[in-house]
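Student:
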Amino acid sequence: AQKVTQAQTEISVVEKEDVTLDCVYETRDTTYYLFWYKQPPSGELVFLIRRNSFDEQNEISGRYSWNFQKSTSSFNFTITASQVVDSAVYFCALKVQGGSEKLVFGKGTKLTVNP
Amino acid sequence: NAGVTQTPKFRVLKTGQSMTLLCAQDMNHEYMYWYRQDPGMGLRLIHYSVGEGTTAKGEVPDGYNVSRLKKQNFLLGLESAAPSQTSVYFCASSGEGGYGYTFGSGTRLTVV
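So the protein sequences, as listed, match chains A and B.
Residue numbers for the first sequence follow the numbering used here, beginning at 142 and rising by one.
Residue numbers for the second sequence follow the numbering used here, beginning at 703 and rising by one.
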């Protein structure tokens, strides 16, 4: 069975601080995909990144970066120089190859960035 | 290109009433899903479909039924609504390999 754990329920930081959101996953499959989504207060789900299990290169997109480590089954997300607009709930999700293509979500981390 | 459209966006039901949530996608995706989101629980899969005419149970299927008569539409039905079904419902669709995984904007349902 697949499982995603986001141990941090809520995080509060002051603007311009760096913040890392943790994601640990469990699967016995060798081919899988990891995702991060952002859910702002407006409620929609915003896709941030998709990573497959064979690509362990870190990804950087502007102030966002992702650290994928298969050895620790982690896919952590770092926001550099956080801004108030980064305040949202962030979800990590896992999909295994083939079958239903369904996503298994973590419970989410609520990030609050204070001015 | 609308992507995934959910209707309605908001609904209040009385206990025991029935309703149908409609999900429509225009991306020719084979796979469609219904998730529910509850505070502190993340998104949990209710039912899904791997193609027209197919449906399957997800993690929390009790109290819901679904149908996929047309490839572009995936309907979620509540036959007899209960307060425990108060939630935000998200529909999603995807292609092979999870490419193009797209979510609708959500339906906020309150059962009183």
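Positions of the beta carbon are idealized from the N, C-alpha and C atoms, including for glycine.
Is the shortest distance between the beta-carbon of residue 179/A and the beta-carbons of chain B less than 7 Å?
Tutor: Residue 179/A does not count as touching chain B.
Student: Between which two residues does the beta strand (DSSP E) carrying residue 784/B extend?
Tutor: From DSSP, residue 784/B is part of no beta strand (DSSP E); its letter is neither H nor E.
Student: Taking the beta strand (DSSP E) that residue 740/B belongs to, which residues open and close that run?
Tutor: Start and end: 733-740.
Student: In the DSSP assignment, find the unbroken beta strand (DSSP E) run with residue 164/A in it and report its ends.
Tutor: Run containing residue 164/A: none; DSSP gives neither H nor E here.
Student: Determine whether the Cβ of residue 216/A lies closer than 7 Å to any Cβ atom of chain B.
Tutor: Residue 216/A does not count as touching chain B.
Student: Along the chain, where does the beta strand (DSSP E) that runs through residue 251/A open and close?
Tutor: Residues 250-255.
Student: Return the CA-CA distance between residue 175/A and residue 779/B, expressed in angstroms with no decimal places.
Tutor: Near 30 Å, if we compare the C-alpha coordinates of residue 779/B and residue 175/A.
Student: Quick check: the Cα distance between residue 190/A and residue 203/A, rounded to an integer number of angstroms?
Tutor: Spanning the two alpha carbons is a distance of roughly 13 Å.
Student: Whole angstroms is fine: what's the gap from residue 798/B's alpha carbon to residue 241/A's?
Tutor: Using only the alpha carbons, I get a separation of about 9 Å.
Student: Verify the CB distance criterion: does residue 766/B have a CB-CB separation below 7 Å to chain A?
Tutor: Residue 766/B does not count as touching chain A.
Student: Should residue 782/B go down as buried or exposed, given a rule of 16 or more other Cβ atoms within 10 Å for buried?
Tutor: Flag for residue 782/B reads exposed.
Student: Which residues of the stretch 735-750 of chain B have a Cβ closer than 7 Å to any Cβ of chain A? Give them in chain order.
Tutor: Result list: 735, 742, 743, 744, 745, 747, 750.
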